[in-house]
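Okay, so here's the structure we're looking at.
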Amino acid sequence: MTSSEVLPATADEAYRSGREAVHEEVVESLGTVRVLPVDPEADLDVLHGWVTAERARFWGMAGFTGQQVLDTYRLIDSLDTHHAYLAVLDGEPAALFQTYEPTADRVGECYDVLPGDIGVHLLIGPARDGVNREGYSSGLLGAFAAYVLGTLDRPRVVAEPDARNERAIARLTRQGFVLGEVVVLPEIDLPEVYLPEKKAQLAFLNRDPAVRGDRPTDRLTD
Numbered sequence: 001m002t003s004s005e006v007l008p009a010t011a012d013e014a015y016r017s018g019r020e021a022v023h024e025e026v027v028e029s030l031g032t033v034r035v036l037p038v039d040p041e042a043d044l045d046v047l048h049g050w051v052t053a054e055r056a057r058f059w060g061m062a063g064f065t066g067q068q069v070l071d072t073y074r075l076i077d078s079l080d081t082h083h084a085y086l087a088v089l090d091g092e093p094a095a096l097f098q099t100y101e102p103t104a105d106r107v108g109e110c111y112d113v114l115p116g117d118i119g120v121h122l123l124i125g126p127a128r129d130g131v132n133r134e135g136y137s138s139g140l141l142g143a144f145a146a147y148v149l150g151t152l153d154r155p156r157v158v159a160e161p162d163a164r165n166e167r168a169i170a171r172l173t174r175q176g177f178v179l180g181e182v183v184v185l186p187e188i189d190l191p192e193v194y195l196p197e198k199k200a201q202l203a204f205l206n207r208d209p210a211v212r213g214d215r216p217t218d219r220l221t222d
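So for the sequence shown, UniProt numbering puts the first residue at 1; every next one is plus one.
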């Protein structure tokens, strides 16, 4: 996947405890991060506000109506190969993460997929109260990486941000991702989804095979 102003998300009791998390951890100096599967209907206001904002222009959903966003995430929710999650920080939505099987995605045509690879899309939401906190993005991304590499037990994460998205690429490299080739993802034109051609920067995060446990991101390999 990957314009209205993004408003800070309002804390919701359902985000605090009413929905089951697939991963939860306390990130030092940041707070409690819970990773929740996206509920397309319940999360629509948050999703629509984030993905149509100017700051999310590389997400590829600028100009989408609420119904289009709902249809997109209903489609993702119906698939076994693609999944969407919200990272919730101390009861407030903070980031959107999507995972997918590279062999079921166009990126699989652009590199040699290894057994166990998992692809990700990452969208960090607006900082709480508009104030950027040190370690905010890295803490959220670290919690999600712990879920993917630990709970899901995947040996390698593959990301493919837009090659023009220097901020996202820098964030990934700070987190330990190693840059690969710049590739062109082919256009997808199907009745249920349209994705334009995309020039993407491949990036890879490997887990040390000796590491298991709650924080597999404590040791990463190139």
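Backbone N, C-alpha and C fix where the C-beta goes; we use that ideal spot for every residue, glycine too. For clarity, every value in this text was computed on a predicted model and none was experimentally measured.
The beta strand (DSSP E) enclosing residue i, as first and last residue numbers
i: Glu92; result: 92-100
i: Leu86; result: 82-89
i: Gly180; result: 178-185
i: Tyr15; result: Counting along the chain, Tyr15 falls outside any beta strand (DSSP E), and DSSP gives it neither H nor E.
i: Val107; result: Per DSSP, Val107 belongs to no beta strand (DSSP E) and is neither H nor E.
Identified DSSP bridge partners for residue i
i: Gly119; result: Tyr100, Val158
i: Thr32; result: Val26
i: Pro37; result: Tyr85
i: Ala203; result: Ala159, Leu179
i: Asp189; result: Tyr194
N- and C-terminal bounds of the alpha helix (DSSP H) containing residue i
i: Ala168; result: 166-174
i: Thr72; result: 66-78
i: Asn136; result: According to the sequence displayed, residue 136 carries Tyr and not Asn. Tyr136 -> alpha helix (DSSP H) spans 136-146.
i: Asp45; result: 44-51
Sequence-distant residues of its chain with Cβ nearer than 7 Å to residue i (five each side left out)
i: Phe144; result: Val35, Ala87, Phe97
i: Ile124; result: Ala95, Ser137, Leu140
i: Gly66; result: Leu44, His48
i: Val69; result: Leu44, Leu47, His48, Val51, Met61
i: Pro102; result: Gly108, Val113, Asp117, Gly119, Val158
Neighbourhood of residue i by C-beta, 6 Å cutoff - its chain only, sequence neighbours within 5 removed
i: His82; result: Ile76, Tyr100
i: Glu181; result: Leu202
i: Arg55; result: none
i: Asp218; result: For Asp218, the predicted structure reports a pLDDT of 45, less than 50, and the residue's modelled location is therefore unreliable. A value from the coordinates is still provided. Closer than 6 Å at the Cβ level, and outside the excluded window around Asp218, lies no residue.
i: Arg19; result: Leu36
Contacting residues, own chain, Cβ-Cβ under 8 Å from residue i (five flanking each side not counted)
i: Leu114; result: Pro155, Arg156
i: Glu41; result: Leu70
i: Phe64; result: His48, Val51, Thr52, Thr72
i: Asp112; result: none
i: Arg133; result: Leu30, Ala127
Alpha-carbon to alpha-carbon, residue j and residue i
i: Leu205; j: Val26; result: 22 Å
i: Arg167; j: Leu89; result: 22 Å
i: Leu202; j: Trp50; result: 24 Å
i: Pro161; j: Ala104; result: 18 Å
i: Asp189; j: Glu197; result: 10 Å
i: Tyr73; j: Ala84; result: 8 Å
i: Pro164; j: Asp39; result: It is worth fixing the name first, because residue 164 is Arg in this sequence and not Pro. Distance between the alpha carbons of Arg164 and Asp39 is about 30 Å.
i: Arg207; j: Thr151; result: 13 Å
i: Gly116; j: Glu28; result: 29 Å
i: Leu220; j: Glu109; result: Here Leu220 scores only 42 on pLDDT, less than 50, and its place in the model is too uncertain to base an answer on.
i: Thr173; j: Asp80; result: 29 Å
i: Val120; j: Glu192; result: 21 Å
i: Ile169; j: Lys199; result: 13 Å
i: Ala21; j: Arg128; result: 21 Å
i: Val158; j: Thr32; result: 26 Å
i: Leu7; j: Glu187; result: Note that Leu7 has pLDDT 36, beneath the 50 cutoff, so the model's placement of it is unreliable and the number below is only indicative. Roughly 32 Å separates the two Cα atoms.
i: Pro126; j: Leu195; result: 25 Å
i: His23; j: Val184; result: 33 Å
i: residue 224; j: Phe58; result: The shown model of the chain, from 1 to 222, leaves out residue 224, and the question about it has no answer.
i: Ala146; j: Ser78; result: 25 Å
i: Tyr15; j: Arg171; result: 26 Å
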